[in-house]
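Visitor: Protein chains in written order, with this note's numbering: chain A, 271 to 565; chain B, 22 to 286.
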């Protein structure tokens, strides 16, 4: 082991690369990923620029879209469907779920497409393949923070300028502690599952259709359009397994003061997310060697 | 002196035909068909046997050679002899089925001009993106930015999205970024002279100065004149095997002789 590490160090010092036919499961080259950090930053930049130069409203779209969506949800589920929001004002309630859900769903879908969608470039040049999923997660987190700021503005408006002020109890302390964890869990789940899907869809392309459907179901299985308090006891086991429930609920309890789901749920979700990202990276690592030949 | 590139018995197997099921539907269909036609015991035996029965070709077989620092080596051979496959393995885009290669230094692969170019981005933004993809650090690109723009002759349009460029401008910009790489080892696959006549001459000149700068270059091209002008050594490949290696002129002789005999036979 010692001799191997020494060899890796010396090789890296001399920029020596050894290419061979053996595949090592756990030898993910993190240092190389760090060496390509400029490329990751440039891909993030490209992602933003390319996207907003093609839309009518440009960067404003990232702000308008969640507000519009929350509006639609509040009309359909709030007014028409009569689903309770635990007394929290509709717009605020749905927006709070959407901020993290949008992050998760966009990061997940884009990561799942990272190999098939970029097959051309991977056939022409080498860079560590994980560069692309990482740039996806980073660019989507930036959008998350933008939408979070919009949400905070809305929160202030509702708290201090409307009658529903007293019902909302934002907790600064919880905000500072839970937000990073919420982001980490959502990132790990989207990255882990995205990498798994990316690896599997290289060979079985029809699975990408399953993905969209799967996400739609997951939307309803997560308390975005209804509060956690309305989940019947029989379904608690299922919700325990859904790591996003802690994400949505943690976010709500920190910013709106709704009852917190409990530390044990949170820890379980965190562990599930770590497991997912671990398996995802391994599967991706296995497929990235040969996928150019399969795709 | 240790060779800067050492290739040891590299072989690459490619499977032919449809590479198994490409969708879950197909997979389930073929599984069901096999189950009903062959029977479960035979099917199980089939799943656990070696893969050798599947149709395959060896794109490369037992390829070995060494390259000393500073050599410009030309890979010569007919279409399909394995030149590009070898280059892809050495640039780590794909992996060998057997064997190993050791590359003692930073390398960059130019298998195509303009990899990563995105239409919505301006020339400036694409220079940075393409440079980073090819392995340059941001600081390095900033230093060379003016030289790159100057060489490409698209200065006036550098802040216009490249979807508005003419095809000539596009390739000139792409080639210009690649031409300013500083990696000590380069793998180049037929990207040479692009653009109109005047620019082509510039390209050849630039390649010559790159060649004389002490870098090691592994070069694949069908352009006999370019190979003769730039390379001091040649490796002649035929059907995935190394036939001979030696001075460029000798290798080119062998290549054209072989061609003559094949035409006659």
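Even for Gly, the Cβ is constructed at its ideal location relative to N, Cα and C.
Here the structure is a predicted model, which means the values were calculated and not measured.
Round the Cβ separation of residue 207 of chain B and residue 128 of chain B to the nearest angstrom and send it over; I've been treating them as touching at under 8 Å.
Guide: Position 186 of the second chain, counted from the first residue, corresponds to residue 207 of chain B. Position 107 of the second chain, counted from the first residue, corresponds to residue 128 of chain B. Their Cβ separation, rounded to whole angstroms, is 7 Å, which keeps residue 207 of chain B and residue 128 of chain B in contact under 8 Å.
Visitor: Cβ of residue 149 of chain B less than 8 Å from any chain A Cβ?
Guide: As a first step, residue 149 of chain B must be located in the second chain, where it is residue number 128. So yes, residue 149 of chain B belongs to the interface.
Visitor: How many angstroms separate the CA atom of residue 509 of chain A from the CA atom of residue 530 of chain A?
Guide: Within the first chain, residue 509 of chain A is the residue found at index 239, counting from 1. Within the first chain, residue 530 of chain A is the residue found at index 260, counting from 1. Approximately 14 Å, taken between the alpha carbons.
Visitor: So, for residue 322 of chain A: in the same chain, excluding its five sequence neighbours on each side, which residues have a beta-carbon less than 6 Å away from its beta-carbon?
Guide: To locate residue 322 of chain A, count along the first chain from 1; it is residue 52. Excluding residues within five positions, the ones whose Cβ falls inside 6 Å are 328 and 329.
Visitor: Three-state secondary structure (DSSP) at residue 296 of chain A?
Guide: In the first chain, counting from the first residue as 1, residue 296 of chain A sits at position 26. Correct three-state label for residue 296 of chain A: coil.
Visitor: Look at the Cβ atom of residue 247 of chain B, then the Cβ atom of residue 238 of chain B, and state whether they are nearer than 8 Å.
Guide: The residue you call residue 247 of chain B lines up with position 226 of the second chain. The residue you call residue 238 of chain B lines up with position 217 of the second chain. No, the Cβ-Cβ distance between residue 247 of chain B and residue 238 of chain B is not below 8 Å.
Visitor: Is the beta carbon of residue 534 of chain A closer than 8 Å to that of residue 513 of chain A?
Guide: If you number the first chain from 1, residue 513 of chain A lands on position 243. If you number the first chain from 1, residue 534 of chain A lands on position 264. For residue 513 of chain A and residue 534 of chain A, no; Cβs fall outside 8 Å.
Visitor: Please compile the residues from chain A whose C-beta is within a distance smaller than 8 Å of the C-beta of residue 117 of chain B.
Guide: Here residue 117 of chain B corresponds to residue number 96 of the second chain, with the count starting at 1. By Cβ distance, chain A contributes 289, 290 and 291.
Visitor: Ends of the alpha helix (DSSP H) at residue 284 of chain A?
Guide: Position 14 of the first chain, counted from the first residue, corresponds to residue 284 of chain A. Run containing residue 284 of chain A: none; DSSP gives neither H nor E here.
Visitor: Within 8 Å of any Cβ in chain B, is that where the Cβ of residue 376 of chain A sits?
Guide: Within the first chain, the letter at position 106 stands for residue 376 of chain A. Chain B contact via Cβ: absent.
Visitor: How would you list, in chain order, the residues of chain B whose beta-carbon sits under 7 Å from the beta-carbon of residue 323 of chain A?
Guide: Stepping through the first chain from its first residue, residue 323 of chain A is reached at position 53. Near residue 323 of chain A (Cβ distances below 7 Å), the residues of chain B are 141.
Visitor: For a quick check, are the C-beta atoms of residue 173 of chain B and residue 197 of chain B less than 8 Å apart?
Guide: Translated into the one-based positions of the second chain, residue 173 of chain B becomes position 152. Translated into the one-based positions of the second chain, residue 197 of chain B becomes position 176. Closer than 8 Å, so yes.
Visitor: Under the rule that 16 or more other beta-carbon atoms within 10 Å means buried, what is residue 438 of chain A, buried or exposed?
Guide: For this step, residue 438 of chain A is matched to residue 168 along the first chain. Label assigned to residue 438 of chain A: buried.
Visitor: Do you know how far the Cα of residue 421 of chain A is from the Cα of residue 80 of chain B?
Guide: Within the second chain, the letter at position 59 stands for residue 80 of chain B. Within the first chain, the letter at position 151 stands for residue 421 of chain A. Each residue's alpha carbon lies about 57 Å from the other.
Visitor: Kindly identify the DSSP beta-bridge partner or partners of residue 119 of chain B.
Guide: Locating residue 119 of chain B in the second chain gives position 98, counting from the first residue. According to DSSP, residue 119 of chain B bridges with B:32.
Visitor: Verify the CB distance criterion: does residue 285 of chain A have a CB-CB separation below 8 Å to chain B?
Guide: Your numbering for residue 285 of chain A matches position 15 in the first chain. Yes - at least one Cβ of chain B is within 8 Å of the one on residue 285 of chain A.
Visitor: Short check: CB of residue 255 of chain B to CB of residue 95 of chain B, under 8 Å?
Guide: In the second chain, the residue the question calls residue 255 of chain B occupies position 234. In the second chain, the residue the question calls residue 95 of chain B occupies position 74. Cβ distance < 8 Å, so residue 255 of chain B and residue 95 of chain B count as in contact.
Visitor: Any beta carbon of chain A sitting closer than 8 Å to that of residue 80 of chain B?
Guide: Here residue 80 of chain B is taken as the residue at index 59 of the second chain, counted from 1. It does not: the Cβ of residue 80 of chain B has no partner Cβ on chain A nearer than 8 Å.
Visitor: Among A:449, A:444 and A:399, whose alpha-carbon lies nearest the alpha-carbon of residue 415 of chain A?
Guide: Within the first chain, residue 415 of chain A is the residue found at index 145, counting from 1. Ranking A:449, A:444 and A:399 by Cα distance to residue 415 of chain A puts A:449 first.
Visitor: So the candidates are A:292, A:374, A:392 and A:442; which of them puts its Cα closest to the Cα of residue 523 of chain A?
Guide: For the purposes of this step, residue 523 of chain A is identified with residue 253 of the first chain, where counting begins at 1. For residue 523 of chain A, the nearest C-alpha among the options comes from A:442.
Visitor: Could you compute how far the alpha carbon of residue 254 of chain A sits from the alpha carbon of residue 347 of chain A?
Guide: Any property of residue 254 of chain A remains undetermined from this structure, which presents chain A solely from 271 to 565.
Visitor: Could you list which residues in chain A have their beta carbon closer than 7 Å to that of residue 44 of chain B, in chain order?
Guide: For this step, residue 44 of chain B is matched to residue 23 along the second chain. Correct list: 474, 475 and 476.
Visitor: How about residue 269 of chain B and residue 249 of chain B: are their beta carbons less than 8 Å apart?
Guide: Taking the first residue of the second chain as position 1, residue 269 of chain B is located at position 248. Taking the first residue of the second chain as position 1, residue 249 of chain B is located at position 228. Cβ distance < 8 Å, so residue 269 of chain B and residue 249 of chain B count as in contact.
Visitor: How close, in whole Å, do the beta carbons of residue 373 of chain A and residue 315 of chain A come, if the pair is a contact with beta carbons under 8 Å?
Guide: Mapped onto the first chain, residue 373 of chain A falls at position 103. Mapped onto the first chain, residue 315 of chain A falls at position 45. Actually they do not touch by this definition, with Cβ atoms about 19 Å apart.
Visitor: According to DSSP, is residue 492 of chain A part of a helix, a strand, or is it coil?
Guide: In the first chain, residue 492 of chain A corresponds to position 222, counting from 1. Correct three-state label for residue 492 of chain A: coil.
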